[in-house]
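**Q** At position 63 of the sequence shown the residue is numbered 352 (my numbering), and the sequence of numbers has no breaks.
C-beta: ideal position from N, C-alpha, C; glycine also.
A single structure is presented below for examination.
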Amino acid sequence: MEFNKLSEGFGAEIHGVDLRDEKIFEKLEKAFYEYQVLVLRGQKLTPTEFLQFARRIGPPEPHVIDQFHHPEHADILILSNVEKDGQPTGLADAGTYFHTDYSYLDVPARATMLYSIQVPSKGGETLFANQYRAYDELPQRPK
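Here's what the structure looks like:
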């Protein structure tokens, strides 16, 4: 397992990992707490395998917009700007504005997991903000 930092203290790309291998979970969990954002390219997971891995992180929270839930797994939301027969195949406007997933819940989401199947050659970026750093750099601590 090889780690490449994406920035100082925040985010890492991990190579040499197959998420179906249960033996690597403890190392990934430790890396998640250290880097907050993990990028694992080249995974070849079925929806069931993706959900099995996600459940190791914590219980999934089905998205409130249910028309784009995966047909076999309601805990998976399909994000897509692709249309088929003039109809959207997934939620197209997800991420068009800054947000934090499920921050309004009494117990917010522990993590958000994205599994990209088709990525455009230009655009489609997902951005993350380091809230630990933002808090640490406040000019004065809130009271």
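Can you name, in chain order, every residue of its own chain whose Cβ lies under 7 Å from the Cβ of Y324, other than the five neighbours on each side?
**A** F299, G300 and A301, listed in sequence order.
**Q** Measure the C-alpha to C-alpha separation of V328 and R344 and round it to an integer number of angstroms.
**A** Their backbone Cα atoms lie some 18 Å apart in a straight line.
**Q** May I have a chain-ordered list of the beta strand (DSSP E) segments no shorter than 3 residues that lie completely inside the stretch 317 to 358?
**A** Counting only runs of 3 or more, we get nothing.
**Q** Could you check which residue in F292, Q332 and F321 has the C-alpha nearest to that of R309?
**A** Checked all of F292, Q332 and F321; the closest Cα to R309 is Q332.
**Q** Based on Cα-Cα distance, which residue from E350, N419, F357 and K294 lies nearest to D395?
**A** Here the closest residue by C-alpha is E350.
**Q** DSSP three-state label for E302, please.
**A** Here E302 sits in strand by DSSP.
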